[in-house]
Amino acid sequence: MKRFLAPILLLTFLFPSIALGEGVKLEDLVRRDGLYYERFTDVPFTGKTRGIEQGTIKRGKIEGSWARYRHDGTLITRATYKDDILDGPYATYHRNGQVLERGTFKNGKREGPWVGYHENGEIWTKRTYKDGKLDGPFFEYWDDGTLDEQYSGTYKDGVKVK
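Residue numbers for the sequence shown follow the numbering used here, so the first one is 157 and each next one is one higher.
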């Protein structure tokens, strides 16, 4: 019984996050060969993170909803990951909590419509991406909502054509 209990107690003291199920801070994990590990282990980490980077890691890779916060607690980014790659809804935020930019990633690349906003909530940019490249109309607006024609235009495969 002692031989069985001693290793369990040792692991509980070395890795209290596992025992308590609280989650670990991302900065307390080690990244090796593209995977996250708890220190002093060779098994890819699975569990929740807490602190300024919050989400789930499965078998060493970020998976599902992920949030990143400033040190003052305000949200910077809310994203979705699949197998450690951005895939799904994505949004970044101004310090005042207003959305800065919103769009979608597909397999690590921007895809579809993206909208950027000024701090006052007015639209800053409207653009469309295809396979990570600007593709289609691109509109940029002043913070009062008027179109900035100098920077607006049309893109094809990441190149401005009009």
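All C-beta atoms, glycine included, are put in the ideal place defined by N, C-alpha and C.
Check, Outcome
"Residues that DSSP places opposite Ser221 in a beta bridge", "Thr236"
"Among Gly264, Arg224 and Asp243, the one whose alpha carbon lies nearest that of His250", "Arg224"
"Where Asp243 sits in the DSSP three-state scheme", "strand"
"Beta-carbon proximity of Asp291 to Tyr297, cut-off 8 Å", "no"
"Whether Lys181 touches Thr205 by CB criterion (8 Å)", "yes"
"Given Glu219 as reference, the closest of Gly277, Gly207, His227 and Phe201 once Cα atoms are compared", "Phe201"
"For Glu278, the three-state DSSP class (helix, strand or coil)", "coil"
"C-alpha distance - Leu166 paired with Arg226, whole-angstrom precision", "Caution applies to Leu166, whose pLDDT of 41 falls short of 50 and renders its modelled position unreliable; the value that the coordinates give is listed next. When rounded, the distance between both Cα atoms is 35 Å."
"Alpha-carbon to alpha-carbon, Gly272 and Thr310", "17 Å"
"Residue range of the unbroken beta strand (DSSP E) whose run includes Phe294", "Gly292 to Glu296"
"Extent of the continuous beta strand (DSSP E) run through Lys262", "Val255 to Lys262"
"Counted within 10 angstroms of its Cβ, other Cβ atoms place Arg283 as buried (16 or more) or exposed", "buried"
"Same chain, Cβ closer than 6 Å to Asp313, five either side skipped, listed in chain order", "Lys289"
"Contact set for Ala162: own chain, Cβ-Cβ below 7 Å, skip 5 residues either direction", "With a pLDDT of 49 at Ala162, under the threshold of 50, the modelled position of this residue cannot be trusted; read the value that follows with caution. Hits under 7 Å: none found."
"Range covered by the beta strand (DSSP E) that runs through Gln306", "No beta strand (DSSP E) holds Gln306; DSSP gives it neither H nor E."
"Residue from Lys262, Arg258 and Asn252 whose Cα sits closest to the Cα of Asp240", "Lys262"
"CA nearest to the CA of Asn276, picked from Tyr246, Val255 and Phe196", "Val255"
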